[in-house]
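J.: Just so you know, my numbering puts 652 at position 652 of the sequence shown, and the rest follows in order with no gaps. C-beta: ideal position from N, C-alpha, C; glycine also.
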Amino acid sequence: MYHSYRHIKDNSSLCAQDVLKCIREIQNNRKKVKCNKNRIEFNQEDFMELYYKQPAARWEETLPIGNGSLGGMIWGNISQELIGLNEETIWSGYQHDKNNKNALEFLPEARKLIFEGKNAEAQRLVEEKMLAEFTESYLPLGNLKIEFSHGSNVENYVRRLDIDHALANVAYDVDGVGYSREFFASFPSKAMYIRLSSSASVMGIRVSIESDLKPVYESKPGMIRMNGTCPEHVDPSYVDSETPVIWGDRGQKFHADLTLLSTDGTHEIVFEEEKTVLAVNNASEIIIALTAVRNPDVVSEFNSYGYKGVKEKHELDYGNLYNRVELDLGSQPDVPTDIRLRNMKDGIEDTAMYALYFQYGRYLLISSSREGGIPANLQGIWNWEFRAPWSCNFTTNINAQMNYWHAQSCNLAECLEPYFNFVKGLSIEGQKTAQTHFGCRGFTVSHNTDYWMNTNPVGVAHGKTGGQENSGCYSFFPLGGAWMCEEFWKHYEYHRNKEFLKETAYPVLKQAALFCADWLVPYQGYYVTCPSASPENVFLVPGKEGKKASLTYACTMDMTIIREVFGDFKKICAELEIEDELLQEIEEKEAKLYPYKIGKYGQLQEWPVDYEESEPGHRHISHLYGMYPAELFEEEYLKEACRKTLDRRLENGGGHTGWSCGWIVQVFAVMGDAKMSFEYLRTLLTRSTYPNLWDMHPPFQIDGNFAGSAAIANMLVQDRGGELKILPALPEEWKDGCVKGLRIKGNRTIDIRWKDHVLEKYEIHEEG
């Protein structure tokens, strides 16, 4: 008998062995994506999934689900299911001003020292006098635990994440009884649903929620509420602090509700010393909902629609975004995902894996960034550590921006709404920092920010008065906010939405342009930024053996961002026919911006002086910003210098983090180098990817996933500088293939088919 995939999902009577048999039948009967002579067609049976034959052994093997605000990480353990829970608003801190009121008085001295060549002295002054307290931390909500009473004699285990429908499943047999678990997080319902079923009425479970956030429980029949309190402050994990976690009354309060929606068994609430437990016995089906912070009426919705209806609403909502783009590079093999990755590391090519990885990046963005929420952070919405790496916040010297590199081309513009709204808020909050720290109009964001939109340069541990030594290399980056504006004009180019341009892009870009104009100072006949740092990189101070520094003037990235902000603001004003008084000032300063320099190796200089780098293979390639993501480096001498820069970075071990590798793929794709694009895309998967396909910095950072999806789209089509390029960096390894629904500028999408590395057909569709 041939089973459709939907039959598997909807038939609760199938045991795990039947489920596996159905999967095999589907895979054996699959047809490859069709690319006929007249139309580019896709067979929907060729579904995408992550698939494993064992439970997760560590967090980086869990299966992530999310509805944009509520996230879950599913282990799939046999006797005790564990789901790590997150909610996007669970942060340490509270609303208050963290700006350093005394910072501005030291700015003239810092500039003077830099212009005198005393870079290290200037940096220490900045670190001691011009930084402020660290921003706040994204925290785990807690863990949902489901203990099962069955034995441990397990057979036919399978765990999978269906990214075509945003459903996670676990199935297995114990003593002849089939057990299955289904999980999804619904954006329409603002809830996470769990359906547990067995082929006989023998299932017994104990369900509880645990948290490190001072939980207090209350309950009523069929429902447990966990109330919690976030700390007032949490220092980053890389800070050696005597009191890294500060508790108090000002931390935000929250609650999470566990609700039993349906069961054919008996159930009761059990009170234990440190937790409250929902116990269900003698059941063949149990349906549970988990909500947090928000208060949807899941009981009424379930009574109206039932489980099938609620799931269909979820799939319809998700599919409206996900199904816009399809990519075929060959049929997905019937091999567990971790084995496929291992085989690739051993040199066995798996072309279809790149299509799965591409769609997984789209799945992760849909699951972590939805309308009405806040943007995806360093880990999307999935975090299991109380003091997470880099506070799991919004790092604005590459990572927060990289999270959305694929949103336009991969046809997920709705997922950008939280980002645009967040930056709009920063453009208001950041005006305080611009004035207090730098005496400038407009707004600034330094190298990271948080849920509370703190925009100050960080580096000062809680209770301290001065910043950490060497913190200036990362913390002093006043143009983080200006960089975040890069997506605004691009969004208009892709969608031609005049209302967005007028109501959102124009006011935000004006504040960015104001700051850029004021932050520039005259020096040797040019306008420069000072102090200036190229994100997180360090140079050797000339003539001062052993001394290193990061602060100088007119770093290449600064000057490129300012050129882009000025250019975008002028284009916005022209499109809206606005005669803004700022335009004349921009024109005057733009004409005298510090020029790009070519260094002794033929490379594009990262700094105004051709300093020797402390780490020639540094992970950041900030000075190549004008090549990608910006579209500014059109001159051949700049392109050649960028290539030499990149080659030199890689010769010295560059690209060793996942996100850095993703950026490198993009630059090679824009250069039209298919061979090197593919080499580093393959490196991204084989060296910087965890078994659940999360990006490995290490540790887990989601930006590499998003950069990987953007890179694959960039290899297939580019719409840059007024020129549309089809298959500009198609690898030799992708002999035949099709892609449908990639977005290009002018509110259009494109479908492409190629065979034997040759373009056969493309179709451009005007969007409504």
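Rounded to whole angstroms, how far is the Cβ of ASN99 from the Cβ of LEU141, which I believe are closer than 8 Å?
T.: As a first step, residue 99 must be located in the sequence shown, where it is residue number 99. As a first step, residue 141 must be located in the sequence shown, where it is residue number 141. Contact doesn't hold; Cβ gap of about 30 Å is too wide.
J.: Among ALA674, LEU650 and THR465, which residue has its Cα nearest to the Cα of ASN102?
T.: Mapped onto the sequence shown, residue 102 falls at position 102. For ASN102, the nearest C-alpha among the options comes from THR465.
J.: Which residues does DSSP list as the beta-bridge partners of GLY142?
T.: To locate residue 142, count along the sequence shown from 1; it is residue 142. DSSP lists LEU85 as partners of GLY142.
J.: Beta strand (DSSP E) containing ASP212: first to last residue?
T.: Translated into positions along the sequence shown, residue 212 becomes position 212. No beta strand (DSSP E) contains ASP212, which DSSP labels as neither H nor E.
J.: Quick check: the Cα distance between GLU88 and HIS437, rounded to an integer number of angstroms?
T.: If you number the sequence shown from 1, residue 88 lands on position 88. If you number the sequence shown from 1, residue 437 lands on position 437. Rounded to the nearest whole angstrom, the CA to CA distance from GLU88 to HIS437 is 29 Å.
J.: Go through its chain and collect everything with a Cβ distance to ASP450's Cβ below 6 Å, but skip five positions before and after it.
T.: Within the sequence shown, residue 450 is the residue found at index 450, counting from 1. THR135, GLU136 and ASN393, listed in sequence order.
J.: For the putative contact between GLY319 and THR259, defined by C-beta atoms under 8 Å, what is the C-beta separation to the nearest angstrom?
T.: The sequence position of residue 319 within the sequence shown is 319, counting from 1. The sequence position of residue 259 within the sequence shown is 259, counting from 1. That belief does not hold up - the Cβ atoms of GLY319 and THR259 are roughly 26 Å apart, past 8 Å.
J.: Per DSSP, which one or two residues make a beta bridge with HIS233?
T.: Here residue 233 corresponds to residue number 233 of the sequence shown, with the count starting at 1. HIS233 pairs with ILE246.
J.: May I ask you to list the residues that DSSP assigns as paired with CYS738?
T.: Counting from one through the sequence shown, the residue named residue 738 turns up at place 738. CYS738 has ASP328 and ARG753 as its beta-bridge partners, per DSSP.
J.: What do you reckon, are the CB atoms on SER219 and ILE269 nearer than 8 Å?
T.: Within the sequence shown, numbered from 1, the residue matching residue 219 stands at position 219. Within the sequence shown, numbered from 1, the residue matching residue 269 stands at position 269. Yes. Within cutoff.
J.: Cutting at 6 Å between CB atoms, please list the residues of its own chain near ASN411, excluding the five before and the five after it.
T.: As a working mapping, residue 411 is identified with position 411 in the sequence shown. Result list for ASN411: ARG324, VAL325, GLY741 and ARG743, in chain order.
J.: Since GLY662 and GLY617 should fall inside the 8 Å C-beta cutoff, what is the C-beta to C-beta distance between them, to a whole number of angstroms?
T.: For the purposes of this step, residue 662 is taken as the residue at position 662 of the sequence shown. For the purposes of this step, residue 617 is taken as the residue at position 617 of the sequence shown. GLY662 to GLY617, Cβ: 16 Å. No contact.
J.: Skipping 5 residues on each side, what residues in its chain have a beta carbon closer than 8 Å to that of VAL154?
T.: What you label residue 154 is simply residue 154 of the sequence shown in a count that begins at 1. Excluding residues within five positions, the ones whose Cβ falls inside 8 Å are ILE78, TYR172, ASP173 and VAL174.
J.: Grab me the residues of ILE114's own chain with a C-beta within less than 8 Å of its C-beta, minus the 5 sequence neighbours each way, in chain order.
T.: For the purposes of this step, residue 114 is taken as the residue at position 114 of the sequence shown. Correct list, in chain order: ALA122, CYS530, PRO531, LEU551, THR552 and TYR553.
J.: Keeping to the same chain, check which residues put their C-beta closer than 6 Å to that of SER12; ignore five residues upstream and five downstream.
T.: For the purposes of this step, residue 12 is taken as the residue at position 12 of the sequence shown. Residue placement at SER12 is flagged as unreliable, the pLDDT there being 41, under the threshold of 50; the coordinate-derived value follows with that caveat. Hits under 6 Å: SER197.
J.: Which residue or residues does DSSP assign as beta-bridge partners of ASN377?
T.: As a working mapping, residue 377 is identified with position 377 in the sequence shown. According to DSSP, ASN377 bridges with GLY380.
J.: Just verifying my parser: in three-state terms, what is the DSSP assignment at HIS495?
T.: One-based indexing of the sequence shown puts residue 495 at position 495. In the structure shown, HIS495 sits in a helix (DSSP, three-state: H, G or I).
J.: Quick one: Cα of TYR762 to Cα of ALA505, how far?
T.: Numbered from 1 along the sequence shown, position 762 holds the residue referred to as residue 762. Numbered from 1 along the sequence shown, position 505 holds the residue referred to as residue 505. Approximately 32 Å, taken between the alpha carbons.
J.: Sort ALA57, TRP91 and GLN54 by Cα distance to ILE374 and report the nearest one.
T.: Counted from its first residue, the sequence shown places residue 374 at position 374. Out of ALA57, TRP91 and GLN54, TRP91 has the C-alpha closest to the C-alpha of ILE374.
J.: On the three-state DSSP scale, how would you describe GLY204?
T.: For the purposes of this step, residue 204 is taken as the residue at position 204 of the sequence shown. In the structure shown, GLY204 sits in a strand (DSSP, three-state: E or B).
J.: In whole angstroms, give me the CA-to-CA distance for ASN454 and PHE477.
T.: Along the sequence shown, read from residue 1 onward, the residue named residue 454 stands at position 454. Along the sequence shown, read from residue 1 onward, the residue named residue 477 stands at position 477. If I take the Cα positions, the gap works out to 14 Å.
J.: With distances taken Cα to Cα, identify the nearest neighbour of LEU322 among LEU290, LEU724 and GLN359.
T.: If you number the sequence shown from 1, residue 322 lands on position 322. Rather than Leu, the amino acid found at residue 322 in this sequence is Tyr. When only C-alpha atoms are compared, the closest one is GLN359.
J.: When you compare only the Cα positions, how much space is there between ILE381 and GLY425?
T.: Position 381 of the sequence shown holds residue 381. Position 425 of the sequence shown holds residue 425. Roughly 20 Å between the two C-alpha positions.
J.: Tell me which same chain residues have a C-beta within less than 8 Å of the C-beta of THR291, skipping the five on either side of it?
T.: Locating residue 291 in the sequence shown gives position 291, counting from the first residue. LEU70, LYS190, ALA191, MET192, ALA256, ASP257, THR259 and VAL298, listed in sequence order.
J.: Please report how far the alpha carbon of LEU125 lies from the alpha carbon of ASP338, in whole angstroms.
T.: Taking the first residue of the sequence shown as position 1, residue 125 is located at position 125. Taking the first residue of the sequence shown as position 1, residue 338 is located at position 338. Distance between the alpha carbons of LEU125 and ASP338: 49 Å.
J.: With DSSP as the reference, label ASP173 as helix, strand or coil.
T.: As a position in the sequence shown, residue 173 is number 173, starting the count at 1. Strand at ASP173.
J.: In terms of DSSP beta bridges, what is LEU196 paired with?
T.: Locating residue 196 in the sequence shown gives position 196, where the first residue counts as 1. LEU196 is bridged to ARG181 and ILE286.
J.: How many angstroms separate the CA atom of VAL177 from the CA atom of ASN156?
T.: If you number the sequence shown from 1, residue 177 lands on position 177. If you number the sequence shown from 1, residue 156 lands on position 156. If you take the alpha carbons of VAL177 and ASN156, they lie about 11 Å apart.
J.: With which residues is PRO695 paired in a DSSP beta bridge?
T.: Your numbering for residue 695 matches position 695 in the sequence shown. Note that residue 695 corresponds to Asp in the displayed sequence, not to Pro. Partner(s): THR689.
J.: Would a C-beta distance cut-off of 8 Å place LEU316 and LEU161 closer than the cut-off?
T.: Translated into the one-based positions of the sequence shown, residue 316 becomes position 316. Translated into the one-based positions of the sequence shown, residue 161 becomes position 161. No. Outside cutoff.
J.: Residue range of the beta strand (DSSP E) that VAL299 falls in?
T.: Reading the sequence shown from its first residue, position 299 is the one you call residue 299. Not the beta strand (DSSP E): VAL299 falls in the alpha helix (DSSP H), residues 298–322.
J.: Which residue's Cα is closest to the Cα of ALA407: HIS765, ALA710 and GLU732?
T.: Here residue 407 corresponds to residue number 407 of the sequence shown, with the count starting at 1. Here the closest residue by C-alpha is ALA710.
J.: What does the Cβ neighbour count give for LEU278, buried or exposed, with the cut at 16 atoms within 10 Å?
T.: For the purposes of this step, residue 278 is identified with residue 278 of the sequence shown, where counting begins at 1. In summary, LEU278 is buried, with 16 or more beta-carbon neighbours lying within 10 Å of its beta-carbon over all protein chains present.
J.: Would you check if the distance between the CB atom of GLN401 and the CB atom of PHE700 is smaller than 8 Å?
T.: Stepping through the sequence shown from its first residue, residue 401 is reached at position 401. Stepping through the sequence shown from its first residue, residue 700 is reached at position 700. It is not a contact, given that the beta carbons lie outside the stated cut-off.
J.: Excluding the 5 residues flanking SER660 on each side, which residues of the same chain have their C-beta closer than 6 Å to its C-beta?
T.: Start at 1 with the first residue of the sequence shown, and residue 660 comes out as number 660. Answer for SER660: ARG619, listed in chain order.
J.: Count Cβ pairs between the segment 513–520 and the segment 583–590 that sit closer than 8 Å; are there 3 or more?
T.: yes
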